[in-house]
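Okay, so here's the structure we're looking at.
There are 2 protein chains.
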Amino acid sequence: MKKLNPLLHQELRLSIISFLANVEWVEFNKLLEATSASKGNLSVQLKKLETADYIEIEKSFKDNYPLTRCRMTELGRDELESYIQTLKSMLDI
Amino acid sequence: MKKLNPLLHQELRLSIISFLANVEWVEFNKLLEATSASKGNLSVQLKKLETADYIEIEKSFKDNYPLTRCRMTELGRDELESYIQTLKSMLDI
DNA sequence: AAATTTGGTTTATATTATAAACTAGTTTAT
DNA sequence: ATAAACTAGTTTATAATATAAACCAAATTT
Numbered sequence: 045m046k047k048l049n050p051l052l053h054q055e056l057r058l059s060i061i062s063f064l065a066n067v068e069w070v071e072f073n074k075l076l077e078a079t080s081a082s083k084g085n086l087s088v089q090l091k092k093l094e095t096a097d098y099i100e101i102e103k104s105f106k107d108n109y110p111l112t113r114c115r116m117t118e119l120g121r122d123e124l125e126s127y128i129q130t131l132k133s134m135l136d137i
Numbered sequence: 045m046k047k048l049n050p051l052l053h054q055e056l057r058l059s060i061i062s063f064l065a066n067v068e069w070v071e072f073n074k075l076l077e078a079t080s081a082s083k084g085n086l087s088v089q090l091k092k093l094e095t096a097d098y099i100e101i102e103k104s105f106k107d108n109y110p111l112t113r114c115r116m117t118e119l120g121r122d123e124l125e126s127y128i129q130t131l132k133s134m135l136d137i
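Protein sequence lines, in the order shown, are assigned to chains F and H. Heads up, the first sequence stops at 137 in this note's numbering, and the numbers go up one at a time, no gaps. Heads up, the second sequence stops at 137 in this note's numbering, and the numbers go up one at a time, no gaps.
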């Protein structure tokens with residue numbers, strides 16, 4: 045039985061990654077809304093995904109305010125695909 | 045976005061449940077082999093699943109040794125099905 | 001110019017997972 | 001018959017992880 049990637053096998057990070065899978069650059073606040081996470085938790089989990097190179101984080105300013113955007117990397121996409129395959133075989137779906 | 049049942053969204057417990065989904069009564073040692081877990085971890089996670097009534101645990105003796113068998117309950121089966129549906133919608137699969 | 005809001009980050013705490021240590025007994029070798 | 005080794009687990013101490021509360025810097029509103 046193949047092991048589930050523990051970085052992806054966590055609800056918030058999986059929500060983030062599966063959300064990012066369908067779009068390009070997404071703002072922090074958009075993810076906040078999409079995932080219903082707290083800001084602190086979202087910040088921490090985004091950094092973990094970034095550290096693993098599953099997403100990239102780009103910081104800028106918009107209308108004078110800091111603005112953080114994220115998008116998935118190729119590695120992130122590959123790992124998600126692989127995670128899904130593992131799940132499918134585990135669950136027979 | 046529906047929440048993933050945290051009792052099932054854990055690798056070992058998910059392995060246990062998805063293994064039990066396809067069989068009837070299974071012995072502790074069989075699960076040990078099927079999941080490659082440590083005995084302690086398996087014992088703990090089985091108890092959690094039993095506490096939630098997702099599985100039942102039956103203790104007996106075989107050839108003088110204690111023997112523990114488990115099987116899934118109807119609730120366990122329902123919750124697994126529901127977990128899979130949530131995952132599918134989350135991951136678009 | 002004080003109070004509030006925005007857009008986050010850091011960090012302390014709570015939760016969870018895991019493996020090491022233990023229990024209780026059985027079998028085997030001496 | 002008794003010590004050593006093994007079976008089949010459980011308990012518990014520690015490690016890892018998740019989460020939210022507290023914080024920060026700057027911008028805006030009053």
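Each residue gets a CB set at the ideal place from its N, CA and C atoms; glycine is no exception. Treat the numbers as computed from the prediction; the structure is a model and nothing was measured.
Assign H:Asn-85 to buried or exposed, taking buried as 16 or more other Cβ atoms, counted over all protein chains shown, within 10 Å of its Cβ. Position 41 of the second sequence, counted from the first residue, corresponds to residue 85 of chain H. Classified as exposed, H:Asn-85 has fewer than 16 neighbouring CB atoms from the shown chains inside 10 Å of its CB.
Note down the Cα distance separating F:Leu-48 from H:Val-70, rounded to an integer number of angstroms. Here residue 48 of chain F is taken as the residue at index 4 of the first sequence, counted from 1. Here residue 70 of chain H is taken as the residue at index 26 of the second sequence, counted from 1. C-alpha separation (whole angstroms): 23 Å.
Establish whether the CB of F:Met-116 and some CB of chain H are separated by less than 8 Å. Counting from one through the first sequence, the residue named residue 116 of chain F turns up at place 72. It does not; no Cβ of chain H falls within 8 Å.
Taking 8 Å as the threshold (beta carbon to beta carbon), is F:Leu-135 in contact with chain H? Counting from 1 along the first sequence, the entry for residue 135 of chain F is found at position 91. Output row for F:Leu-135: interface = yes.
So, for H:Thr-130: in the same chain, excluding its five sequence neighbours on each side, which residues have a beta-carbon less than 8 Å away from its beta-carbon? Locating residue 130 of chain H in the second sequence gives position 86, where the first residue counts as 1. Sequence-distant Cβ neighbours of H:Thr-130 in its own chain, meaning closer than 8 Å and more than five residues away, are Lys-46, Lys-47, Leu-48 and Asn-49.
Of all the residues that make up the stretch 84-117 of chain F, which are near chain H by a beta-carbon distance shorter than 9 Å? The residues in question: there are none.
Tell me the residue span of the alpha helix (DSSP H) that contains F:Glu-118. To locate residue 118 of chain F, count along the first sequence from 1; it is residue 74. Taken as a continuous stretch (DSSP letters only), the alpha helix (DSSP H) holding F:Glu-118 covers 118-135.
I'd like to check one pair, F:Leu-76 with F:Ile-60: are the Cβ atoms closer than 8 Å? In the first sequence, the residue the question calls residue 60 of chain F occupies position 16. In the first sequence, the residue the question calls residue 76 of chain F occupies position 32. The answer is no: Cβ separation not under 8 Å.
Identify the contact partners of F:Ile-60 in chain H, using a Cβ-Cβ distance below 8 Å as the criterion. Residue mapping note: residue 60 of chain F aligns to position 16 of the first sequence, counting from 1. Within chain H, no residue comes near F:Ile-60; the closest Cβ sits about 11 Å away, beyond 8 Å.
Selected residue, minimal CA-CA separation from H:Lys-106, among H:Glu-55, H:Ala-78 and H:Phe-72: Within the second sequence, the letter at position 62 stands for residue 106 of chain H. Comparing Cα-Cα distances from H:Lys-106 to each of H:Glu-55, H:Ala-78 and H:Phe-72, the minimum goes to H:Phe-72.
According to DSSP, simplified to helix, strand and coil, what is F:Glu-71? Taking the first residue of the first sequence as position 1, residue 71 of chain F is located at position 27. In the three-state reduction of the DSSP assignment, F:Glu-71 falls in the strand class.
Limits of the alpha helix (DSSP H) - the one that H:Ser-59 falls within: By 1-based counting over the second sequence, the position of residue 59 of chain H is 15. 55-64 is the extent of the alpha helix (DSSP H) around H:Ser-59.
Round the Cβ separation of H:Leu-111 and H:Asp-97 to the nearest angstrom and send it over; I've been treating them as touching at under 8 Å. Numbered from 1 along the second sequence, position 67 holds the residue referred to as residue 111 of chain H. Numbered from 1 along the second sequence, position 53 holds the residue referred to as residue 97 of chain H. Under the criterion of beta carbons closer than 8 Å, H:Leu-111 and H:Asp-97 do not qualify as touching, at roughly 22 Å.
Step through the CB atoms of chain H and report whether any lies within less than 8 Å of the CB of F:Leu-75. Translated into positions along the first sequence, residue 75 of chain F becomes position 31. No - not a single Cβ of chain H is within 8 Å of the one on F:Leu-75.
F:Thr-95 burial status per 10 Å Cβ neighbour count (16 or more: buried): Here residue 95 of chain F is taken as the residue at index 51 of the first sequence, counted from 1. Classification of F:Thr-95: exposed, given that the 10 Å Cβ count is below 16.
Count the other CB atoms within 10 Å of the CB of F:Ser-80; is the residue buried (16 or more) or exposed (fewer)? Residue numbering aside, residue 80 of chain F sits at position 36 when the first sequence is read from its first letter. Answer is exposed; the Cβ neighbour count stays below 16.
Given a threshold of 16 other Cβ atoms within 10 Å of its Cβ, counted over all protein chains shown, does H:Tyr-127 qualify as buried or as exposed? Residue numbering aside, residue 127 of chain H sits at position 83 when the second sequence is read from its first letter. With 16 or more other Cβ atoms within 10 Å, it is buried.
How about H:Ala-65 and H:Leu-124: do their beta carbons lie closer than 8 Å? Reading the second sequence from its first residue, position 21 is the one you call residue 65 of chain H. Reading the second sequence from its first residue, position 80 is the one you call residue 124 of chain H. Taking 8 Å as the cut-off, the Cβ atoms of H:Ala-65 and H:Leu-124 count as close.
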